[in-house]
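These notes concern the structure reproduced below.
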């Protein structure tokens, strides 16, 4: 699978586990799976497959 442009083996981990491995909080990210926004309630049950493309975007605070 590809996560944010990098290749990784599909190892049976959920999207939620992949988020946590990267030190992110699921409440502070948006996940796109194969060009579809993945609902947050599916993070724990969605297991990416070998050909899946995932984008994890972290929300940032700031501004004026």
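Residue numbers (this note's numbering): 2 to 65.
Don't be surprised by glycine CBs; every beta carbon is placed ideally from N, CA and C.
Predicted model only: the values in this text are computed from it and were never measured.
Look at the Cβ atom of residue i, then the Cβ atom of residue j, and state whether they are nearer than 7 Å.
i          : j          : result
residue 54 : residue 32 : no
residue 56 : residue 11 : no
residue 20 : residue 27 : yes
How big is the Cα-Cα spacing for residue i and residue j?
i          : j          : result
residue 40 : residue 14 : 17 Å
residue 58 : residue 2  : 17 Å
residue 48 : residue 34 : 11 Å
I'd like the span of the alpha helix (DSSP H) that includes residue i, first residue to last.
i          : result
residue 17 : 16 to 22
So the beta strand (DSSP E) residue i belongs to, where does it begin and stop?
i          : result
residue 11 : Run containing residue 11: none; DSSP gives neither H nor E here.
Determine, for residue i, whether the minimum Cβ-Cβ distance to residues of chain D falls below 7 Å.
i          : result
residue 58 : Looking for chain D here will not work: only one protein chain is present.
Any idea which residues DSSP pairs residue i with across the strands?
i          : result
residue 4  : 7 and 55
residue 33 : 38 and 56
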